[in-house]
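For the sequence shown, numbering that gives the first Met the number 0 begins at 0 and goes up steadily by one.
One structure below.
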Amino acid sequence: MNLLGNYKSVATYKTEGIILKKQKIQEADYIITIFSKHYGKIRAVAKGARRIISRKSGSLELLNWCSFFLAEGRNLDLISEVELKKTFQSLKEDLHKSIYSFQVLEIVDRLTVSENNPRIFKLLTEVLTLMDFWKKDNWEKINLLIGSFNIKLLHVLGFWDEREITKLYKLSVDDERRLKILRVLPLSNIQKIATEDVISSRIKDIIDKYTADVLESQIRSIKLIKDVDEMRNYDD
């Protein structure tokens with residue numbers, strides 16, 4: 000099926016969003032998956048974006064926050080213009096931060112649909128902005144941040160059930176309290192709390208396992224994160 004044809008509608012629209020995924024098609028084109036501020040998840044074609052001279056090519060990278068001008072199509076919409084807003088450059092330059100960031104993108108891509116959800120857009124842009132700003136050696140806080148983001152995302156989507164989780168994983172009262180803190184505390188306040196009071200390898204495993212259960216498959220980036228954690232501990 001030719002994904003680039005059959006654009007019979009001339010309706011156009013503008014939105015902004017974070018690029019979650021890129022998929023190569025044809026000789027010089029991509030399908031771009033975006034989580035947008037106004038429409039939820041969008042899959043759209045960027046024609047000619049792989050050509051070296053394309054004005055779109057530098058903007059259509061994973062993690063980029065862009066403004067998009069799109070034309071509606073029968074199968075997929077068409078990206079006609081892109082304006083780069085933010086690159087989150089430190090997330091791309093540091094291997095450890097990159098892998099954590101890709102986990103965020105993966106979970107958002109796999110859990111969301113094409114429905115407007117400004118709360119998710121706010122969560123996504125906030126977690127990436129905080130990770131981009133924080134020092135790369137602040138790993139315990141970044142683990143807290145990712146755990147809190149996952150819980151908040153699942154909660155917004157209606158998947159987070161603390162009673163069920165307590166029964167499923169036989170949580171102690173302290174573990175229940177820790178998970179509640181990660182759910183209710185704003186992401187911007189995560190850096191202020193004492194790490195040892197909230198996070199542990201058990202809490203991290205519970206969040207990861209429950210997220211995988213909701214997805215009905217493993218989170219692909221989790222193994223990479225564990226490998227990176229081991230490398231970091233070895234270096235230390």
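Every residue gets a Cβ at the ideal spot worked out from N, C-alpha and C, and that includes glycine.
query: Hey, out of A45, G57, E60, K91, whose CA is closest to E71's CA?
result: E71 has its Cα closest to that of A45, out of A45, G57, E60, K91.
- prompt: How should G57 be labelled, buried or exposed, when 16 other C-beta atoms within 10 angstroms of its C-beta is the threshold for buried?
  reply: Exposed, because fewer than 16 other Cβ atoms sit within 10 Å of the Cβ of G57.
- prompt: So, are the CB atoms of L127 and L181 less than 8 angstroms apart?
  reply: No, Cβ-Cβ distance for L127 and L181 is not below 8 angstroms.
Cβ distance (whole Å) where K23 is taken to contact L59 below 8 angstroms: Between L59 and K23 the Cβ distance is about 12 angstroms, and since that is not below 8 angstroms, they are no contact.
- request: Starting from Y38, follow the alpha helix (DSSP H) in both directions and report where the run begins and ends.
  value: No residue range can be given for Y38, since it is assigned to no alpha helix (DSSP H) and is classified by DSSP as neither H nor E.
Straight-line Cα distance separating K84 from V112: When rounded, the separation of the alpha-carbon atoms in V112 and K84 is 23 angstroms.
message: One question on the structure: do G39 and N116 come within less than 8 angstroms of each other, judged by their Cβ atoms?
response: A distance below 8 angstroms separates the beta carbons of G39 and N116.
- request: Could you give the DSSP three-state label for T111: helix, strand or coil?
  value: Here T111 sits in coil by DSSP.
message: Based on DSSP bridge pairs, tell me the residues matched to V126.
response: None, per the DSSP bridge assignment.
Beta-bridge pairing of F120 - partner residues as DSSP gives them: Under DSSP, no beta-bridge partner is assigned to F120.
task: State the beta-bridge partners of L75 as determined by DSSP.
output: Looking at the DSSP output, L75 shares a beta bridge with no other residue.
Option nearest I92 by Cα separation, candidates F132, Q190, F68: Rather than Ile, the amino acid found at residue 92 in this sequence is Glu. In terms of CA proximity to E92, F132 leads the group F132, Q190, F68.
query: Cα-Cα, which of K96, E114, T11 is closest to F34?
result: In terms of Cα proximity to F34, the closest of K96, E114, T11 is E114.
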